[in-house]
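If you read the protein sequences in the order shown, they are chains A and B. Take 70 as the starting number for the first sequence in this note's numbering and just add one per residue. Take 70 as the starting number for the second sequence in this note's numbering and just add one per residue. One structure is given here, and the rest of the page talks about it.
Number of protein chains: 2
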Amino acid sequence: VSAVPVPTLANSVRFDGDVVEILDRRVFPFERRWVTCRTVEDVAVAIEQMVTQSSGPLFAATAGLVLAAHDAATTPDAASARARLHQAGARLVRTRPTNNHIRDGVAGVLAAVDTHPDADPARLVDVVTAAALAQETHYRRSSDELGRHAAALLPEGARVLTHCWADLYLVGLVSAALRDGKRLEFLCTETRPYLQGARLTAETLGEMGFTPTVLTDNMPAWAMQQGMVDAVVTAADRVTMDGHVVNKVGTLQIAVSAHAFGIPFHALVQSPDPQAPSISDVVIEQRDGDESLHALGMRTASTYAVGVYPAFDATPPRYVTDVATDRGVFAPDRLADYLTAPDPLQELT
Amino acid sequence: VSAVPVPTLANSVRFDGDVVEILDRRVFPFERRWVTCRTVEDVAVAIEQMVTQSSGPLFAATAGLVLAAHDAATTPDAASARARLHQAGARLVRTRPTNNHIRDGVAGVLAAVDTHPDADPARLVDVVTAAALAQETHYRRSSDELGRHAAALLPEGARVLTHCWADLYLVGLVSAALRDGKRLEFLCTETRPYLQGARLTAETLGEMGFTPTVLTDNMPAWAMQQGMVDAVVTAADRVTMDGHVVNKVGTLQIAVSAHAFGIPFHALVQSPDPQAPSISDVVIEQRDGDESLHALGMRTASTYAVGVYPAFDATPPRYVTDVATDRGVFAPDRLADYLTAPDPLQELT
């Protein structure tokens with residue numbers, strides 16, 4: 070059995086203790102450019118400007134907290150060091166509101182900090198570094214677990230339609246399928262305006278040995294009608310406890326179309342969000358509408374046009390077949406069961 | 070009452086008797102470049118290469134037949150002149166198979182030619198010129214009629230979602246609304262890969278006094294869910310007698326989404342096609358898949374990706390609210406009534 074290839078984007082945040090380097094997903098794979106961040110503010114701006122997205126902000130934010138811990142080590146006492154770390158965490162959480170990775174990753178690191186209320190500021194660097202690494206390890210293991218559960222949902226030979234970029238969840242799913250010798254094919258939506266599907270998903274699947282077919286965002290229902298799609302699989306940036314799947318804008322119409330054509334829609338998320346009982350608890354990020362009037366920096370629309378860019382949409386549970394998590398697969402109306410299901414990562418928490 | 074503005078694209082084929090000049094829709098409105106055609110072959114290649122599309126090929130093809138008539142005027146006898154014109158017509162009809170404008174426009178001109186079987190080859194130039202002009206006049210009048218019927222379907226203040234570029238049908242609809250003092254707002258899909266919505270529709274609506282909102286192709290269902298859309302209006306390249314609407318790929322998922330959100334979908338076509346009793350009678354053009362991997366000539370997808378480009382899709386009648394034609398509005402299961410309805414353009418035929 071040959072080893073499962075590790076794609077470039079599985080390691081897109083580098084940290085050497087002094088600087089955080091983030092692979093610029095805005096230009097990948099056409100350019101392999103790394104953005105260097107020396108402060109928490111640098112990291113926050115990089116996240117806001119979409120240098121990285123999906124899982125990238127979790128890794129960047131927790132590494133950013135290590136930068137903040139180095140900075141806080143120069144403060145005179147434990148209380149001011151902790152205050153500075155909490156400020157840094159709040160800045161990072163403010164960057165993007167919809168996905169809960171940053172919120173939960175930052176909260177995990179700050180919880181570790183708060184268990185050492187009297188620690189010397191310099192000592193907190195070790196605490197934060199260890200907690201950041203634990204967050205990363207947990208995130209990767211959780212993604213592998215959910216990927217394994219998601220792969221099991223797909224029949225041998227399945228032709229899978231993806232939307233946007235499911236990041237380590239997709240890598241986990243594909244790795245599990247490759248380990249099991251299950252054959253899959255992929256159609257990827259282009260995903261305007263940032264082209265995450267055409268660039269990130271297609272490149273990663275290519276690196277892992279597939280030849281993905283890229284569809285522009287107006288083609289999913291056509292492909293379904295033609296019998297080219299056996300299953301739709303997307304990540305979710307957030308899943309509410311009542312089964313709404315919040316993900317890249319366009320997921321909704323793909324799910325509606327899949328429902329119309331009798332094709333299952335599987336959403337991937339590590340965990341439904343206990344802090345979001347219903348969709349009204351989720352802030353949908355509205356980005357600058359001008360982004361929808363450009364592609365790769367080039368103007369694509371008439372100068373008479375105004376743009377909108379809702380980064381995400383919310384798919385109601387009636388269009389969701391199931392949700393694959395790190396504790397197994399749940400129907401959208403049974404997500405509360407996640408909270409009491411056995412946690413395979415318990416030893417990490 | 071101020072005059073209704075005439076947008077640039079309402080006159081995008083120019084003919085001076087010797088050359089046909091076609092406004093290049095691949096770069097409009099960013100560049101105003103005209104492609105010069107001196108032969109029928111030049112015109113055919115321009116149509117195949119998407120220099121013009123929608124109504125453009127009708128005007129270009131009938132003008133191309135005038136070029137062919139000039140060429141045929143040098144032949145020794147009536148039979149060879151007519152044969153050459155029929156060859157020219159066949160070449161033009163082969164360019165693109167899905168829209169029936171070229172087929173019907175060419176057939177109309179050739180029918181005029183065939184009513185003069187013994188005409189001197191030089192005399193046929195006048196016959197073809199008059200017939201080409203008659204085709205154009207009929208096409209414009211028919212578009213105005215259907216636009217008037219379509220405008221009447223829309224409530225005052227309606228927020229209208231369009232897809233791709235409805236060309237003279239849209240100009241007819243908007244002109245009728247402006248004449249009646251009816252206020253409308255427009256959301257236009259971008260329409261990858263050629264961006265017809267972002268470029269042609271948005272520019273034309275801007276020229277006519279509107280500020281269109283451009284949505285990327287993954288946003289229509291989101292906009293519907295947000296309550297931003299009162300009606301969906303698209304042209305149809307073909308409507309079969311059993312109510313299938315063949316139009317730019319993406320129409321299907323917009324119609325499916327509109328159905329899910331209880332929003333009417335109005336299709337615009339001059340006439341259902343009596344030569345297409347059902348969808349199996351329509352050839353859906355498959356263009357080079359590489360076109361879907363580029364935007365405005367720039368590569369947008371991973372080099373691992375392969376593309377597909379079905380230029381059109383077919384929306385089944387259950388998702389079609391009604392079809393506005395030049396003889397009025399018909400339910401998708403009552404299109405046969407069109408054939409016996411009074412023809413407002415009878416004096417032209």
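Ideal placement from N, C-alpha and C gives every residue a C-beta, glycine not left out.
Quick one: what's residue i bridged to in DSSP?
i	result
residue 90 of chain B	B:83, B:105
residue 307 of chain A	A:315
residue 383 of chain A	A:315
residue 302 of chain A	A:231, A:335
residue 297 of chain A	In DSSP, residue 297 of chain A forms no bridge with anything.
residue 378 of chain B	B:356
residue 284 of chain B	B:258
residue 367 of chain A	A:364
residue 342 of chain B	B:309
For residue i, report the span of its beta strand (DSSP E) as first-last.
i	result
residue 252 of chain B	From DSSP, residue 252 of chain B is part of no beta strand (DSSP E); its letter is neither H nor E.
residue 334 of chain A	334-337
residue 330 of chain B	It is not in any beta strand (DSSP E) - residue 330 of chain B carries neither H nor E in the DSSP assignment.
residue 391 of chain A	391-394
In the DSSP assignment, the alpha helix (DSSP H) including residue i goes from what residue to what residue?
i	result
residue 228 of chain A	Where residue 228 of chain A is concerned, there is no enclosing alpha helix (DSSP H), although the beta strand (DSSP E) it sits in stretches over 228-231.
residue 278 of chain B	Segment: none, residue 278 of chain B is in no alpha helix (DSSP H) and carries neither H nor E.
residue 131 of chain A	125-141
residue 182 of chain A	170-183
residue 196 of chain A	190-221
residue 397 of chain A	Careful: residue 397 of chain A lies outside any alpha helix (DSSP H), inside the beta strand (DSSP E) at 397-399.
residue 291 of chain A	289-294
residue 406 of chain B	405-409
residue 417 of chain A	From DSSP, residue 417 of chain A is part of no alpha helix (DSSP H); its letter is neither H nor E.
residue 147 of chain A	147-163
Measure how close the beta-carbons of residue i and residue j come, nearest whole angstrom, since I'm counting them as under 8 Å.
i	j	result
residue 258 of chain B	residue 284 of chain B	5 Å
residue 369 of chain B	residue 267 of chain A	5 Å
residue 157 of chain A	residue 177 of chain A	Rounded, the Cβ-Cβ distance is 14 Å, inconsistent with contact.
residue 380 of chain B	residue 167 of chain B	7 Å
residue 219 of chain A	residue 335 of chain A	6 Å
residue 253 of chain B	residue 204 of chain B	In fact, because the Cβ distance is near 30 Å, the residues do not count as touching under 8 Å.
residue 144 of chain A	residue 113 of chain A	With a Cβ gap of about 20 Å, residue 144 of chain A and residue 113 of chain A do not count as contacting.
Is there at least one Cβ from chain A nearer than 8 Å to residue i's Cβ?
i	result
residue 74 of chain B	no
residue 369 of chain B	yes
residue 345 of chain B	no
So, is the C-beta of residue i closer than 8 Å to a C-beta in chain B?
i	result
residue 391 of chain A	no
residue 405 of chain A	no
residue 355 of chain A	no
residue 362 of chain A	yes
residue 127 of chain A	no
residue 365 of chain A	yes
Q | Short-range partners of chain A found in the stretch 133-162 of chain B, where Cβ spacing is below 8 Å | A | From the stretch 133-162 of chain B, no residue has a Cβ closer than 8 Å to chain A.
**Q.** Cβ-based contacts, 9 Å cut-off: residues of the stretch 268-293 of chain A near chain B
**A.** Those residues of the stretch 268-293 of chain A that come within reach of chain B (Cβ to Cβ, closer than 9 Å) are 268, 269, 270, 271, 272, 273, 274, 275, 276, 279, 280, 281, 282, 283, 284, 285, 286, 287, 288, 289, 290, 291, 292, 293.
Q | Chain-ordered residues of the stretch 88-121 of chain A with a beta carbon less than 8 Å from chain B | A | For the stretch 88-121 of chain A, the residues whose beta carbon sits under 8 Å from a beta carbon of chain B are, in order, 98, 99.
Q. Relative to chain B, which residues along the stretch 252-264 of chain A have a C-beta separation below 9 Å, given in chain order?
A. Of all residues in the stretch 252-264 of chain A, those with a C-beta nearer than 9 Å to a C-beta of chain B are 256, 257, 258, 259, 260, 261, 262, 264, reading in chain order.
Q | Where the stretch 232-247 of chain A meets chain B: residues whose CB sits under 7 Å from a CB there | A | For chain B, none of the residues of the stretch 232-247 of chain A brings a beta carbon within less than 7 Å of one of its beta carbons.
Q. Mind listing which residues of the stretch 372-389 of chain B have their C-beta closer than 7 Å to chain A's C-betas, in chain order?
A. Listed in sequence order: 373, 374, 375, 376, 377, 379, 382.
Q. Which residues, taken in chain order from the stretch 314-337 of chain B, show a beta carbon closer than 7 Å to some beta carbon of chain A?
A. Considering only beta carbons, the part of the stretch 314-337 of chain B lying closer than 7 Å to chain A consists of 318, 319, 321, 322, 325, 326, 329, in chain order.
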